[in-house]
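To start, the structure under review is shown below, and the notes come after it.
The following block contains the structure:
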């Protein structure tokens, strides 16, 4: 291979990714580049030989019999000072101003980079919309000690961490951001299912707000929450279940679904504030959870919902396996036949008069 760097578009994509996110593992860089995996690793090696990027190993203790050894989990890449200068010049058309820095990631940053990388790898088609929390904090005037890990549109993503009072710290920061920034969503991703359950228990028991909590490998649930084109209401349209949103609530209900007064609640991630609202709701209720494990968590906290004919629970994962477009509106909503339209007109007439209505 030539000693001079023959830059390619995929190389620039990898440099830009490291400039934006600071630290990432090699596998996600190859996916971002658009190269096939083998060529991607070859290009990473070329960037490393040119002194544009460097790497640090992420190691974790691993028990082998009675011995505990350090096992390499991933190689975490970052830009060198030369890489920062090259990226600014070639991609952003900026010159060095003396404020540029390059440093090795510490252990916590390597762990974070690994989790960020896994998330992006499994949602690679959504990569372009993942933003740096550093830029978001600067724009919003948020202190650096708020440890958010990623930004996606109006979604702030936090990775759940182990340690004393970490649940309290993260949920408190989520609540503060929810109050400070209008229309912001907070998503907490835990390392595994056990930690998800524990975090949800804590959030519900301590009067949590609208934060949503999922395991970090629940990619269907995460995609559903991040993708603004996906909506629970679209499930009814795509299943050809008649749904009509009322202009004003009637008897506490906001919808007519399949001819019945009803309410629908997206409780993916178990947001405590919405769960409390469900608890106060009478009549037919349709709920959306992420998967069977989350359904079990729901029944653990609200056992009265199980085997209740007025509570219908759908699962994101199950529905997407049946139809990948379940939650996406891919055509105009069904208009229904004249009989359905007449029924709605009659309902509106009765509602205006205040008479008792039974549908």
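Residue numbers (the working numbering): 361 to 719.
For glycine and all other residues, C-beta sits at the position ideal for the given N, C-alpha and C.
Note that this is a predicted model, so its numbers are computed, not measured.
Item                                                                                                           : Value
Endpoints, alpha helix (DSSP H) assigned at residue 482                                                        : 467–482
Sheet register partners of residue 384 (DSSP bridge)                                                           : 437
Delimiting residues of the beta strand (DSSP E) encompassing residue 673                                       : 671–675
Contacting residues, own chain, Cβ-Cβ under 8 Å from residue 580 (five flanking each side not counted)         : 650, 651, 676, 677, 680
Minimum length 3: unbroken beta strand (DSSP E) runs contained in the region 528–605                           : 545–550, 572–575
Spatial distance of residue 656 from residue 666 (CA atoms)                                                    : 9 Å
Endpoints, alpha helix (DSSP H) assigned at residue 419                                                        : Taken as a continuous stretch (DSSP letters only), residue 419 belongs to no alpha helix (DSSP H), being part of the beta strand (DSSP E) at 413–424.
Bridge partners - residue 626, DSSP secondary structure assignment                                             : 648
Contact under 8 Å by Cβ, residue 565 with residue 534                                                          : no
Closest by C-alpha distance to residue 605, when choosing among 593, 598, 611                                  : 593
Within 8 Å, strictly: CB atoms of residue 584 and residue 519                                                  : no
Sub-8 Å separation of residue 531 and residue 563 beta-carbons                                                 : yes
Segment limits, beta strand (DSSP E) that includes residue 519                                                 : 515–519
Residue closest to residue 509, alpha-carbon to alpha-carbon, out of 399, 488, 612, 547                        : 547
Classification of residue 528 by the beta-carbon crowding that lies within 10 angstroms, buried from 16 upward : exposed
Cα-Cα separation, residue 658 to residue 377                                                                   : 38 Å
Straight-line gap, residue 525 to residue 442 (C-alpha atoms, nearest Å)                                       : 40 Å
Secondary structure of residue 631, DSSP reduced to three states                                               : coil
Opening and closing residue of the beta strand (DSSP E) in which residue 407 lies                              : Run containing residue 407: none in the beta strand (DSSP E); it sits in the alpha helix (DSSP H), 397–409.
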